[in-house]
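When the count follows numbering that gives the first Met the number 0, it moves up by one through the sequence shown with no breaks and lands on 204 for the last residue.
For reference, the structure discussed in these notes is given below.
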Amino acid sequence: MPKYFGYLRVSTDGQEVESQKLGLLEYANRQGFAPMELIAETVSRAADWRCRQLGALLERAGQGDVILTPEFTRLAATPGQVFTFLEAATAKGVILHVTKTGTVMDGSMQSQLLASVFSMASLIELSFIRERTKEGLRRAKQEGKRLGRPPGAGGRLKLDEREDEIRGYIAIGLPKRRMAKALGVAYNTLARFIERKGLVTSKNA
């Protein structure tokens, strides 16, 4: 028998969670989704979903279980992040219901088409990020800032050849998980590189 979970997220304590909750419960009642466990958290949508209660929820959910949320924006801040959540949910056989629109992500042809839209949007977003990075590098060079490896740095690392690109990502405040995706490397690989190079900033810590 499937388990049912409701997920609610607000960005600040001042936001009203009850309005989200009411609509979600009404939808669950119409669908006969009971009993349902409700998870609510106050956290910025920019926070990686894997590091939030949403990530823990998906870890618990299994094949055929159902997660309900009012809107896709409750899941993540960007199309790319939403797409990674949808991929992870589909891989586990977890079904997502977006209650405000009645959208069901269940692996059907329609849901796969919608997921591909998020994927395409994430690629467009990535191209914008890269363009902003190039612009940031151009601006840094014009201002006389030194780019590249510091003098005397020894021992080559996997990402040495892309250090300027990484510095550009840091300059625009891109989170490390999104940097890793853009670079096509594991998060831990990037994190070690940034730490070894002393590139960590408050925006990317």
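No residue lacks a Cβ here, since even glycine has one placed at the ideal position from N, Cα and C.
Quick caveat: nothing in here was measured; it's all calculated off a predicted structure.
How close, in whole Å, do the beta carbons of residue i and residue j come, if the pair is a contact with beta carbons under 8 Å?
i: Arg51; j: Glu40; result: 6 Å
i: Phe4; j: Glu25; result: 16 Å between Cβ atoms; not a contact.
i: Thr102; j: Leu113; result: 7 Å
i: Ala45; j: Ala76; result: 5 Å
Apply the 10 Å Cβ neighbour rule to residue i and answer buried if 16 or more other Cβ atoms are within range, or exposed otherwise.
i: Pro1; result: exposed
i: Glu207; result: The structure shown does not extend to residue 207, since the chain spans only 0 to 204, so no value can be given for it.
i: Thr98; result: buried
i: Gly216; result: Residue 216 lies beyond the stretch modelled for the chain, which goes from 0 to 204, so this question has no answer here.
i: Asn187; result: exposed
i: Ala33; result: exposed
i: Ala27; result: buried
i: Arg166; result: buried
i: Leu53; result: buried
Checking the sheet assignment: what are the DSSP bridge partners for residue i?
i: Thr102; result: Val97
i: Val9; result: Thr41
i: Tyr3; result: Met35, Val65
Taking the alpha-carbon of residue i as reference, which of the options has the nearest alpha-carbon?
i: Thr89; options: Thr77, Met104, Pro78, Thr98; result: Met104
i: Thr68; options: Leu7, Ala190, Ile169; result: Leu7
i: Glu134; options: Ser115, Thr77, Lys157, Glu164; result: Glu164
i: His96; options: Thr72, Ser115, Val65; result: Val65
i: Arg191; options: Asp159, Gly167, Ala181; result: Asp159
i: Leu23; options: Ser43, Glu70, Gly63, Gln111; result: Glu70
i: Ser115; options: Lys91, Phe84, Val93; result: Phe84
i: Asp47; options: Arg176, Arg59, Arg166, Ala27; result: Arg176
i: Lys91; options: Arg59, Phe82, Pro174; result: Arg59
Could you check the C-alpha separation between residue i and residue j for me, to the nearest Å?
i: Ala55; j: Arg195; result: 30 Å
i: Glu17; j: Lys157; result: 49 Å
i: Leu57; j: Gln141; result: 46 Å
i: Gly61; j: Ala185; result: 25 Å
i: Arg138; j: Gly197; result: 21 Å
i: Ser110; j: Gly63; result: 15 Å
i: Ile94; j: Ala181; result: 28 Å
i: Thr100; j: Ser43; result: 22 Å
i: Ser10; j: Met108; result: 33 Å
i: Gly154; j: Ile169; result: Confidence is the limiting factor: at Gly154 the pLDDT is only 44, short of 50, which leaves the residue's position unreliable, though a coordinate-based value still follows. If you take the alpha carbons of Gly154 and Ile169, they lie about 22 Å apart.
i: Thr72; j: Gln80; result: 10 Å
i: Gly183; j: Leu74; result: 23 Å
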